[in-house]
Amino acid sequence: MALARFLQVSDLHLGRPFGWLPNDRQDERRREQRRILERVVSIAIERGVDAILIPGDLFDAEGVDTDTVRSAVAAFEVPGCPPVFITPGNHDPASDSSLYWNPRLLAGRGIAWPAHVHVFVTPEWSSHSVPNLEGVRVWGRCFTANVPSLERPLAPDALREVSGPDANGFHVALFHGSREGQCPPGQKITAPFSDDEATQSPFAYLAVGHYHASSRLTGNQGASNGVRLAYAGSAAALDPTEIGVHGALEVRIEYDHRQPFVETEMVELDRRRVIDAEADVSGCASAEQVDRRIQQAIERAGAGEHDLVTVRLAGRLARGVRMAQASSEVQARVWHLKLDWRRVRPDYDVAAYRAKDPSTTEERFARTLLDQIEKEADPAQRALIESALFYGLDAFRLGEVVPAYEELESTTEESR
Numbered sequence: 001m002a003l004a005r006f007l008q009v010s011d012l013h014l015g016r017p018f019g020w021l022p023n024d025r026q027d028e029r030r031r032e033q034r035r036i037l038e039r040v041v042s043i044a045i046e047r048g049v050d051a052i053l054i055p056g057d058l059f060d061a062e063g064v065d066t067d068t069v070r071s072a073v074a075a076f077e078v079p080g081c082p083p084v085f086i087t088p089g090n091h092d093p094a095s096d097s098s099l100y101w102n103p104r105l106l107a108g109r110g111i112a113w114p115a116h117v118h119v120f121v122t123p124e125w126s127s128h129s130v131p132n133l134e135g136v137r138v139w140g141r142c143f144t145a146n147v148p149s150l151e152r153p154l155a156p157d158a159l160r161e162v163s164g165p166d167a168n169g170f171h172v173a174l175f176h177g178s179r180e181g182q183c184p185p186g187q188k189i190t191a192p193f194s195d196d197e198a199t200q201s202p203f204a205y206l207a208v209g210h211y212h213a214s215s216r217l218t219g220n221q222g223a224s225n226g227v228r229l230a231y232a233g234s235a236a237a238l239d240p241t242e243i244g245v246h247g248a249l250e251v252r253i254e255y256d257h258r259q260p261f262v263e264t265e266m267v268e269l270d271r272r273r274v275i276d277a278e279a280d281v282s283g284c285a286s287a288e289q290v291d292r293r294i295q296q297a298i299e300r301a302g303a304g305e306h307d308l309v310t311v312r313l314a315g316r317l318a319r320g321v322r323m324a325q326a327s328s329e330v331q332a333r334v335w336h337l338k339l340d341w342r343r344v345r346p347d348y349d350v351a352a353y354r355a356k357d358p359s360t361t362e363e364r365f366a367r368t369l370l371d372q373i374e375k376e377a378d379p380a381q382r383a384l385i386e387s388a389l390f391y392g393l394d395a396f397r398l399g400e401v402v403p404a405y406e407e408l409e410s411t412t413e414e415s416r
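For the sequence shown, counting from 1, position 366 maps to 366 in full-length UniProt numbering; every step adds exactly one.
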């Protein structure tokens, strides 16, 4: 029996803007991304893997700065770094104008990828052998801007040029694509494929990028047993929705004189956890009391100084209690704190407006909007009218209108 070992990492998105973070945190987070890539190489060397597999979105965009590209190249120049196989994804597509994949443009910036880094720069499948692993080949295809994003990479026509593996070897597929039926909300469909296409392909293992949560497909049919396909997920958390462990996968494939057997192991890379917590603010009569509820929610969630935390507030809040953010003392308990106020409503007795005939302007206003809410079938429109109701009552009762009931601004990056 022979054993091949790979370290799979993807969707690092070097150079990410992190616009949802404060300016100083944005810079720090980008520096952390670079250190994570350096750690990938260190772990690969320590574990003695045969190659590093990167199925797309190493970079966040085509226009990343020279220093970011230089840092990635330097990470792979470390002595002892194993072979690296990269397939460009939808964020960092291969093209003649690419500032990091085009060797000529790289040379103009005084940069060159090391000889052991192999980048797949065509949308058709091509392959490289893996040094020191006889009969083992990595097949890859890149994402390019001029190829339809809905092209199916594992359709029979697309695999025409993929030959069968040697009797004692196997093939690994490396690409950026969308597993059908598993696409997360907000994720763009690109290079879709089905589970049947994956299991019927000639590849013993498919290393796929694009989805930011780790997942896998197992089975015992086709070219191998065990794990047939896996997403490592994003190597570093990219926004407050990406809850869970972020890292790489060590892929181990037993082969030679038997059908390959594949298993994977998650290797944590990102020291920062993304945590969701909840706090009920019902009964709070002051901003200080709300602050204590937020602190208690953070403590219940077990969040610490390295973590990115969203506290989702809910309940009825006493009229006139307003706070834009938690106190500096509470904010200091975690690395970044975001408050979600969408489920908080003022403690107005709306039932009283329904119970009697309106006689004042305030009562007529409230009754009109309550009637509209009752008749409206669209949940989004109902929420909008409800917000208008509470803003209006604030104006009548408090003499001021402070934004508090609208949807929380988006904290996810565009164009995943």
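Think of the CB as a built atom: it goes at the ideal place given N, C-alpha and C, for glycine as much as any other residue.
**Report entry** Buried or exposed by the 16-neighbour rule on C-beta atoms within 10 Å, applied to Arg29
**Finding:** Along the sequence shown, read from residue 1 onward, the residue named residue 29 stands at position 29. Buried.
Report task. Identify whether Ser391 lies in helix, strand or coil by the three-state DSSP scheme. Result -> As a position in the sequence shown, residue 391 is number 391, starting the count at 1. The sequence shown places Tyr at residue 391, not Ser. Tyr391 carries a helical assignment under DSSP once its states are collapsed to helix, strand and coil.
Query raised in the report: Is the Cβ-Cβ distance between Pro165 and His118 less than 8 Å?
Result: The count along the sequence shown starts at 1 and reaches residue 165 at position 165. The count along the sequence shown starts at 1 and reaches residue 118 at position 118. No; because the gap between Cβ atoms is not below 8 Å, this pair is not in contact.
Query raised in the report: Can Arg343 and Leu313 be called in contact, C-beta distance under 8 Å?
Result: On the sequence shown, position 343 is the one that residue 343 refers to. On the sequence shown, position 313 is the one that residue 313 refers to. Yes, the pair counts as a contact, with Cβ atoms nearer than the cut-off.
Query raised in the report: Taking the DSSP output, what are the residues bridged to Tyr255?
Result: Counting from 1 along the sequence shown, the entry for residue 255 is found at position 255. Paired residues: Ala2.
Report task. Tell me whether Lys188 sits in a helix, a strand or coil according to DSSP, three-state version. Result -> Here residue 188 corresponds to residue number 188 of the sequence shown, with the count starting at 1. Here Lys188 sits in coil by DSSP.
Query raised in the report: Buried or exposed: Asn90, going by 16 or more other Cβ atoms within 10 Å of its Cβ?
Result: Looking up residue 90 in the sequence shown gives position 90. Classification for Asn90: buried.
Query raised in the report: Any idea what DSSP makes of Ser135, helix, strand or coil?
Result: Within the sequence shown, the letter at position 135 stands for residue 135. In the sequence on display, residue 135 carries Gly and not Ser. Gly135 carries a coil assignment under DSSP once its states are collapsed to helix, strand and coil.
Query raised in the report: In chain order, which continuous runs of the alpha helix (DSSP H) of length 4 or greater are located wholly inside the region 48-115?
Result: 66-76, 103-108
Query raised in the report: Does the region 240-253 come close enough to the region 279-293 to have 3 or more Cβ pairs within less than 8 Å?
Result: no
Query raised in the report: Does the separation of the CB atoms of Phe175 and Ala204 fall below 8 Å?
Result: Working through the sequence shown from its first residue, we reach residue 175 at position 175. Working through the sequence shown from its first residue, we reach residue 204 at position 204. No, these two residues do not count as a Cβ contact at 8 Å.
**Report entry** Segment limits, beta strand (DSSP E) that includes Lys338
**Finding:** Reading the sequence shown from its first residue, position 338 is the one you call residue 338. 336-346 is the extent of the beta strand (DSSP E) around Lys338.
Query - DSSP state of Glu268 mapped onto helix, strand, coil - result: By one-based count along the sequence shown, residue 268 stands at place 268. It is a strand residue.
Query raised in the report: Name the DSSP bridge partner or partners of Tyr205?
Result: Position 205 of the sequence shown, counting from 1, holds the residue named residue 205. Val172, per the DSSP bridge assignment.
Query raised in the report: Measuring CA to CA, which of Val309, Gln331, Gly315, Gly110 is closest to Arg345?
Result: Stepping through the sequence shown from its first residue, residue 345 is reached at position 345. Minimum Cα distance to Arg345 is reached at Gly315.
**Report entry** Helix, strand or coil at Val121 according to DSSP, with G and I counted as helix
**Finding:** Here the question's residue 121 lines up with position 121 in the sequence shown. In this structure, Val121 counts as coil in the three-state DSSP scheme.
Query raised in the report: Does the count of Cβ pairs from the region 110-117 and the region 141-151 closer than 8 Å reach three?
Result: no
Report task. Would you kindly report the start and end of the unbroken beta strand (DSSP E) that includes Ile275? Result -> Against the sequence shown, residue 275 aligns to sequence position 275. Run containing Ile275: 274-280, per the beta strand (DSSP E) assignment.
Query raised in the report: Which word fits Val401, buried or exposed, when buried means at least 16 other C-beta atoms lie within 10 angstroms of its C-beta?
Result: Counting from one through the sequence shown, the residue named residue 401 turns up at place 401. So Val401 ends up on the exposed side.
Query - Limits of the beta strand (DSSP E) - the one that Leu313 falls within - result: Position 313 of the sequence shown, counted from the start, is the residue given in the question as residue 313. Unbroken beta strand (DSSP E) run through Leu313: 308-317.
Query raised in the report: Given a threshold of 16 other Cβ atoms within 10 Å of its Cβ, counted over all protein chains shown, does Val41 qualify as buried or as exposed?
Result: Residue numbering aside, residue 41 sits at position 41 when the sequence shown is read from its first letter. That one is buried.
Query raised in the report: In angstroms, rounded to a whole number, what distance separates the CA positions of Trp20 and Arg258?
Result: What you label residue 20 is simply residue 20 of the sequence shown in a count that begins at 1. What you label residue 258 is simply residue 258 of the sequence shown in a count that begins at 1. So the two alpha carbons sit approximately 50 Å from each other.
Query raised in the report: For the putative contact between Arg47 and Leu269, defined by C-beta atoms under 8 Å, what is the C-beta separation to the nearest angstrom?
Result: Taking the sequence shown and counting its residues from 1, the one referred to as residue 47 is at position 47. Taking the sequence shown and counting its residues from 1, the one referred to as residue 269 is at position 269. At roughly 13 Å, the Cβ-Cβ gap does not stay under 8 Å, so Arg47 and Leu269 are not in contact.
Requested in this report: Give the straight-line distance between the Cα atoms of Gln296 and Leu317, rounded to the nearest whole angstrom.
Outcome: Against the sequence shown, residue 296 aligns to sequence position 296. Against the sequence shown, residue 317 aligns to sequence position 317. Cα-Cα distance, rounded: 17 Å.
**Report entry** Assigned exposure category for Leu3 - 16 Cβ within 10 Å defines buried
**Finding:** As a working mapping, residue 3 is identified with position 3 in the sequence shown. Its Cβ having fewer than 16 others within 10 Å, Leu3 is exposed.
Query raised in the report: Would Val162 be called buried (16 or more neighbouring beta carbons within 10 Å of its own) or exposed?
Result: Locating residue 162 in the sequence shown gives position 162, counting from the first residue. That one is buried.
Requested in this report: Give me the Cα-Cα distance between Ile86 and Pro55, rounded to the nearest whole angstrom.
Outcome: Locating residue 86 in the sequence shown gives position 86, counting from the first residue. Locating residue 55 in the sequence shown gives position 55, counting from the first residue. Between Ile86 and Pro55, the C-alpha separation is close to 6 Å.
Query raised in the report: Can the beta-carbon of Thr264 be found closer than 8 Å to that of Arg216?
Result: For the purposes of this step, residue 264 is identified with residue 264 of the sequence shown, where counting begins at 1. For the purposes of this step, residue 216 is identified with residue 216 of the sequence shown, where counting begins at 1. Cβ atoms of Thr264 and Arg216: closer than 8 Å.
Requested in this report: Please say whether Asp50 and Pro132 have beta carbons closer to each other than 8 Å?
Outcome: Here residue 132 refers to the residue found at position 132 when the sequence shown is read from its first residue. Here residue 50 refers to the residue found at position 50 when the sequence shown is read from its first residue. For the record, residue 132 in the displayed sequence is Asn; it is not Pro. Closer than 8 Å, so yes.
Query raised in the report: To the nearest angstrom, how far is it from the Cα of His306 to the Cα of Asp239?
Result: Reading the sequence shown from its first residue, position 306 is the one you call residue 306. Reading the sequence shown from its first residue, position 239 is the one you call residue 239. Rounded to the nearest angstrom, the two C-alpha atoms are 15 Å apart.
Report task. Pull up the CB-CB distance for Pro202 and Leu159, whole angstroms please, since I reckon it's below 8 Å. Result -> Position 202 of the sequence shown, counting from 1, holds the residue named residue 202. Position 159 of the sequence shown, counting from 1, holds the residue named residue 159. With 8 Å as the limit, Pro202 and Leu159 qualify as a contact, their Cβ atoms being about 7 Å apart.
Query - Buried versus exposed, by CB contacts within 10 Å (16 or more), Asp27 - result: Within the sequence shown, numbered from 1, the residue matching residue 27 stands at position 27. It is exposed - the Cβ of Asp27 has fewer than 16 other Cβ atoms within 10 Å.
Report task. Figure out for me which residue from Trp113, Ser95, Gly209 has the closest Cα to the Cα of Cys81. Result -> On the sequence shown, position 81 is the one that residue 81 refers to. Among Trp113, Ser95, Gly209, the Cα nearest to that of Cys81 belongs to Trp113.
Requested in this report: State buried or exposed for Glu197, treating a residue as buried only when at least 16 other CB atoms are found within 10 Å of its CB.
Outcome: What you label residue 197 is simply residue 197 of the sequence shown in a count that begins at 1. When all chains shown are included, Glu197 counts as buried.
Query - Beta-carbon gap between Val69 and Tyr100 smaller than 8 Å - result: In the sequence shown, counting from the first residue as 1, residue 69 sits at position 69. In the sequence shown, counting from the first residue as 1, residue 100 sits at position 100. Yes, these two residues count as a Cβ contact at 8 Å.
Query raised in the report: Under 8 Å between the Cβ atoms of Asp67 and Asp92?
Result: In the sequence shown, residue 67 corresponds to position 67, counting from 1. In the sequence shown, residue 92 corresponds to position 92, counting from 1. For the pair Asp67 and Asp92, the CB atoms are not nearer than the 8 Å cut-off.
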